[in-house]
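In what follows, a single structure is set out as structure tokens and then discussed.
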Amino acid sequence: MALLEWGRFGRGDRRILKGAITGLLKDGEFRGRLLEVAFVHNLNNATSKWTVLVGVGKQEKFDLVRFRNALHAAARSLRKRGHKEVTVLLTKDLAGKTSPADLARAVTEGVALGNFEIAALKTRHEDAVTRIDGLSIGGLDGQKAAADAVKEAIALADATNQVREWINAPANTFTPSVFVDKVKGAVKGADLEIEVLDMDEMKKLKMGALLAVARGSDEPAKMIVLRYKNGRKGGPMLGLVGKGITFDSGGISIKPAQNMEMMKSDMGGGAAVVGAMLAIAELKPKVNVIGIVPTTENMPSGHAIKPGDVVTGSGGKTIEIINTDAEGRLILSDGITYAVKHGATHIVDIATLTGSIMRTLGPVAMGAFSNDPKLMDLVRRAADLAGERVWELPLWADYDGLMDSQVADLKNASVPWAGATTAAVFLREFVEGRPWVHLDIAGSAWQDAGELKTIPRGPTGSGVRLLAHLAGLLADN
Ligand code: BES
Ligand code: MN
Ligand code: ZN
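Reading the sequence shown from the start, the letters are residues 120 to 596 in our numbering.
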């Protein structure tokens with residue numbers, strides 16, 4: 120059980136509280152179930168007005184992902200009640216469970232992530248819309264390690280919340296051009312170089328796959344390139360490539376109307392790359408990173424690509440369009456080729472790519488595919504640090520050839536099964552043998568209906584923290 124307390128926490132309060140909490144527990148008023156929150160006013164006349172008990176569930180089911188999310192939920196309810204400052208007191212049994220740094224990270228990120236507001240466009244609010252801007256943590260040992268972790272966690276949570284805001288923005292106010300402007304604003308003063316390719320430059324570079332998707336839209340496509348340089352010459356260069364579809368109607372292979380409004384979030388991978396770059400620029404790992412975000416709408420129109428069309432990507436491969444709704448892999452392919460051409464030694468792409476991964480893992484985890492066990496291991500370690508869940512799916516040779524076309528080198532859609540896998544098989548064609556991990560966040564980027572209490576409703580910012588930690592791990596290697 121963790122104790123979240125608002126206000127100033129005076130000496131001796133813990134002693135005063137302890138008896139009272141034991142009383143509450145005895146009476147069964149609070150059981151400590153995961154995400155259970157109990158507000159107690161003026162508990163035993165403690166110096167703070169409110170004491171909030173937060174359940175983190177059964178000891179044997181404890182993990183840092185669920186712990187973070189419990190604090191996230193608690194911070195959200197505190198914020199909704201207008202509280203701005205919290206002190207989190209960790210119980211002794213919690214402190215004994217994990218390292219002080221991991222606990223500090225989880226607490227800070229949990230509380231800071233609770234500041235995100237999905238209803239930002241409401242003109243009338245039922246709840247107070249305050250932000251929690253003060254946090255103290257009590258009950259931690261290892262002050263130095265914890266303090267460093269807190270600083271990192273704040274940068275990571277801020278970047279994540281920024282990304283969630285972008286993903287939440289409706290597609291009419293978040294076009295590829297607006298995306299570019301937002302990124303330009305966000306990187307101002309950061310230790311990052313930014314370059315934006317327009318459609319003329321894409322044509323020069325023969326990015327036929329990205330341009331094919333862009334054809335149906337009146338909004339010009341862009342490719343955002345961010346560079347972070349802090350590694351030695353000849354050292355690893357991490358290439359992050361994110362899908363930036365600001366709205367996915369499906370194109371001529373149009374989607375059904377049901378839930379189509381969700382497709383404003385189809386730039387979640389691209390936004391995650393930008394968020395990670397922003398965090399990396401603050402955490403300053405000694406490594407080089409290039410972040411690439413191809414961004415466009417996918418729309419039907421008289422100019423749009425049609426099933427049966429064949430297009431040529433910037434790497435020279437010809438692609439038969441079977442389904443215009445399989446657009447993410449098309450724009451990613453030109454992004455990945457760009458990463459390879461610009462010296463990326465390790466490639467991680469991230470995308471809201473398939474309904475298939477959503478049906479498989481739900482909002483709980485991202486799906487991963489890889490051609491390199493070592494890089495995959497680093498991604499898993501990064502996920503652990505981030506408190507994000509990732510699950511690897513196989514790319515056995517049995518799946519080879521599924522994306523071969525009769526008329527071109529490749530086709531963009533294939534059999535009606537293993538949808539997340541076939542997308543990965545397609546993408547692998549563009550990495551030129553570089554160590555590569557593909558992250559499919561179509562499930563984890565957003566929780567719509569709120570069936571799972573352990574995951575926040577709305578955009579989650581999936582991948583931001585994982586990618587930022589990955590850069591750090593690649594630097595240490
Ligand atoms: N953006 C979608 C995937 C998606 C679905 C994301 C649901 C979030 C929630 C993607 O572009 C898509 O349409 N994928 C198709 C591919 C198919 C046509 C081969 C899919 O998964 O059905
Ligand atoms: Mn699509
Ligand atoms: Zn899409």
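Even for Gly, the Cβ is constructed at its ideal location relative to N, Cα and C.
- Counting along the chain, H588 sits inside the alpha helix (DSSP H) bounded by residues V583 to D595.
- Contact between T473 and D567 is ruled out by a C-beta separation of about 16 Å, above the 8 Å threshold.
- Not one heavy atom of the ligand ZN is found less than 7 Å from the C-beta of T443.
- The Cβ-Cβ distance between I364 and V302 does not fall below 8 Å.
- Linking S368 to M382 through their CA atoms gives a straight-line distance of about 7 Å.
- When the alpha-carbon of A272 is set against those of V583, I237, K145 and N161, the nearest one is in V583.
- Spatial neighbours of N442 in its own chain (CB-CB distance under 6 Å, excluding positions within 5 residues in sequence) are listed in chain order as S372 and A532.
- The segment 427 to 437 makes no contact with the segment 346 to 355; the number of CB pairs closer than 8 Å stays below 3.
- By the criterion of a C-beta distance shorter than 8 Å, Q281 is surrounded in its chain by A305, G394 and L397, once the five residues flanking it on both sides are discounted.
- L208: member of the beta strand (DSSP E) spanning E204 to L209, first to last residue.
- Excluding five sequence positions before and after F149, the CB atoms of its chain that fall closer than 6 Å to its own CB belong to L143, A157 and L172, given in chain order.
- The alpha-carbon separation between I424 and R478 amounts to approximately 28 Å.
- Straight across, the Cα-Cα distance linking R185 with D503 is about 12 Å.
- Two segments are said to touch when three or more pairs of C-beta atoms, one from each, lie closer than 8 Å; by this definition the segment 567 to 579 does not touch the segment 321 to 330.
- With contact defined as three or more Cβ pairs closer than 8 Å, the segment 277 to 295 and the segment 377 to 391 are in contact.
- In the three-state reduction of the DSSP assignment, N407 falls in the strand class.
- Spanning the alpha carbons of H160 and A139 requires a straight line of approximately 12 Å.
- Each residue's CA atom was taken as its position, placing S433 and V412 some 15 Å apart.
- For R243, the number of other beta carbons within 10 angstroms of its own is below 16, and it is reported as exposed.
- Around the CB of D468, 16 or more other CB atoms lie within 10 Å, so the residue is classed as buried.
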